[in-house]
Amino acid sequence: MAVVTVERKPLTFLERTYLPNIAAGLATTFKRMVQPVETLEYPEQRPAIPAGYRGVPTLVYDPNGREKCVSCQLCEFVCPPKAIRITPGEIAHDDANAHVEKRPEEFKIDMLRCIYCGLCQEVCPEEAIWLQNQYSMTGYTREEMVNDKKRLYELGGTLPDTHFKWDKKKAAEEAAAHGGAHH
Amino acid sequence: MFDFYFELPLLVRLLLQGTVVILVLFPLAAACSMAERKISAWIQGRPGPNRTKPPLAGFLAPLGLVASIPVLGTLLQKLGIFQLAADGGKFTFKEDPVPGHVNKFYFILAPIASMIPALSTVAFVPFGAYFDAAGELVPVALANVDVGLLAVFALGSLGVYSLILAGWASNSKYPFLGGVRASAQLISYELSMTLSVLPVFLWVNAPGGQGTLSLFDVVQSQSQPGFWGGTWYVMTMPVSAFIFLIALFAETNRQPFDMPESEADLVGGFHTEYGAFKWSLFFVAEYAHMIVGSGIFCLLFLGGWNPLPWVPLATVIDWLGFLPFAAHPLFVGLLSITLFLGKVGFFIFFFMWVRWTLPRFRYDQVMTLGWKKLLPLSIANLIVYALGIAWLQTR
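Chains A and B supply the protein sequences, listed in that same order.
If you're matching positions, the first sequence starts at 2 in the numbering used here and goes up one per residue.
If you're matching positions, the second sequence starts at 309 in the numbering used here and goes up one per residue.
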């Protein structure tokens, strides 16, 4: 490449005294001073959480109040830091959701191990585990930092569902049983 | 009440006056640290310290009571006033370790030595004035002496000894370098500073008059009737004022001249080994120097307690004649002190404003600026004004 020598303009006398630039700098800092502050005063003012934020992992109910987790343990197996421990349990026969067959008896996420990678949410076939908006976890003991099933559902709440997979399945089964009787 | 006061023995009165001035200056200097934090914060787009609130229980209950006044308490909290009190408490009561490798005697002497010139220079600064029974303007000052400015310079430059002492007694390299820089910087800028104020005193000491270096007389000469009598010296001698201001920045070790501290290359400079109360003494001294230095700038170049150029204090008192107490010495004194402190406050603000505008000079740049630029400029300024004043005053 050709070398282009750029003539450097000699500084004028005023420029060499720095004074105009100092005055301009003072004007800039003064303008900054009368502008409103940028700081969020944290505990009172909370930042707006953008959509798709990966906060603390939680368990959710579907709109009918059924716990979505079927304790397939995929999240437990995929979890890179092994933060999740699930004790699977059976749903009693007389339960309204007996056709789902399984639910977690206990579900523990150790937030001291969790790396917020979101793999559990990605792998979940039931859309039962979600990384939601909560970004601040504190506790005085290690035990406090382990979220058990109760706490996970408290944090998770209910999320809208478009599939109602198990209701459809139940309806289909019932229809099939019905139709079978007719044939 | 006044009679009672004036009947006290002179020594008691002087002691009382001195105590009052120190009791005002010391917290004022401490309050500057909070002003510094708030102004830094505002310039950086932050709110600054605004959380501290004393509890309504225990020995802090009186402060807590103030904090719970509806509007005022919140305002004070937002301005960080209680943080200031907490800082003071912290600096007083926290552990004050003395490193093992220091020279203990001088290490402890240094912060004390820094306070002495810082608090004693204020004695020679007239900070207000009132009219006595004969209608003469009398300065409010601890010592209105004829050598005023000389005494301030003489005492003020002693302040650097504490920095050198601290740097040397700390017995480690960064404080030592800080102390060396402090002394080099003082010598470089003291010259220009002294030369820059000479034109003012050449003008004030007109032939035939009594020779004086009194700061009060400088203000008096800026509050005379007529166009030239009422101008402030910052207008007639802008170069002097400019050099004095720059030298003031250097003398008080403020950015962009804070070579002795220079935390980027010297950790903390002369105060690297200091902590707790001793450290805070250095800073109160620095702020006290700033206050006194700004005060002297205002007296020399900005007409002292005169509110505006061509509007001396006496005119303002005439305008306020409709107030029944307008001519009362107490009112006039308080008014003049307020006007003076307002100007000083602006300069304190200016110091902090410049701090967040200009980057620190490199050490060789400081020396070049001092010796190769400011000193020749102040000598040229002196010669030009000496010739001009000689021509004007002997016409």
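Where a beta carbon is used, it is the ideal one built from N, C-alpha and C, also for glycine.
The model shown is predicted, which means the values in this text are computed figures rather than measured ones.
- A/G26 belongs to the set of residues whose beta carbon lies under 9 Å from a beta carbon in chain B.
- Closest in C-alpha terms to A/Q135, from the list A/M112, A/K151, A/E123 and A/K169, comes A/M112.
- Within 10 angstroms of the beta-carbon of A/I50 lie fewer than 16 other beta-carbons, which makes it exposed.
- Selection A/K109, A/E127, A/Y54 and A/G119 evaluated against A/D149 yields A/K109 as nearest (Cα-Cα).
- In summary, B/T665 is buried, with 16 or more beta-carbon neighbours lying within 10 Å of its beta-carbon over all protein chains present.
- At a cut-off of 9 Å between beta-carbon atoms, B/Q352 makes contact with chain A.
- Residue pairing by DSSP places A/I110 opposite A/I85 and A/N148 in a beta bridge.
- For A/R67, no CB of chain B lies under 9 Å from its own CB, so it is not counted at the interface with that chain.
- Listed by position along chain B, the residues whose Cβ is nearer than 8 Å to that of A/E155 form an empty set, because the closest Cβ is around 30 Å away.
- A distance below 7 Å between beta-carbons, with the five flanking residues on each side excluded, links B/L683 to the following residues of its chain, in chain order: L499 and S500.
- For B/F401, the number of other beta carbons within 10 angstroms of its own is below 16, and it is reported as exposed.
- In its chain, beyond the 5 residues on either side, A490, S491 and L494 have a beta carbon closer than 7 Å to the beta carbon of B/V468.
- Between the beta-carbon of A/Q133 and that of A/G157 there is about 7 Å, and that keeps the pair under the 8 Å contact cut.
- If you draw a 10 Å sphere on the C-beta of A/K83, you find fewer than 16 other C-beta atoms in it, and that means exposed.
- Nearest to A/T13 by alpha-carbon distance, out of A/V5, A/N22 and A/V7, is A/N22.
- The C-alpha of B/L323 lies about 50 Å from the C-alpha of A/P44.
- Under the three-state reduction of DSSP output, B/G534 falls in the coil class, being neither helix nor strand.
- Closest option to B/L690, judged by alpha-carbon separation, among B/G516, B/F367, B/S504 and B/I599: B/S504.
- In the DSSP assignment, A/V124 falls within the alpha helix (DSSP H) that extends over L120 to V124.
- Where B/G486 is concerned, the enclosing alpha helix (DSSP H) starts and stops at K481 to V512.
- No residue range can be given for A/Y117, since it is assigned to no alpha helix (DSSP H) and is classified by DSSP as neither H nor E.
- No Cβ-Cβ contact shorter than 9 Å links B/T623 with B/S478.
- In this structure, the alpha-carbon of A/M146 lies about 22 Å from that of A/R47.
- Contact annotation for A/R33 against chain B: I351 and G353 [CB-CB distance below 7 Å, chain order].
- When the alpha-carbon of B/L677 is set against those of B/Y497, B/V527 and B/F535, the nearest one is in B/Y497.
- Shown here, B/I420 sits in a helix according to DSSP, grouped into three states.
- With respect to the 9 Å criterion, A/T59 and A/I116 are not classified as neighbours on the basis of their beta carbons.
- Contacts with chain A (Cβ-Cβ distance below 8 Å) from the stretch 645–668 of chain B involve W661, V662, W664, T665 and L666, listed in chain order.
- No Cβ-Cβ contact shorter than 9 Å links B/L473 with B/A694.
- Interface annotation, B/I389: not in contact with chain A, CB-CB separation never under 9 Å.
- Chain order gives the chain B residues near A/I23 as V662, T665 and L666, where near means a beta carbon separation below 9 Å.
- Beta-bridge analysis with DSSP links A/K103 to A/E91.
- Contact annotation: in the stretch 38–65 of chain A, residues whose CB is within less than 9 Å of a CB in chain B are V38, E39, T40 and E42.
- With fewer than 16 other beta carbons inside 10 angstroms of its own, A/S137 counts as exposed.
- Taking each of A/R9, A/R55 and A/F31 in turn and checking the Cα distance to B/G353, the smallest one comes out for A/F31.
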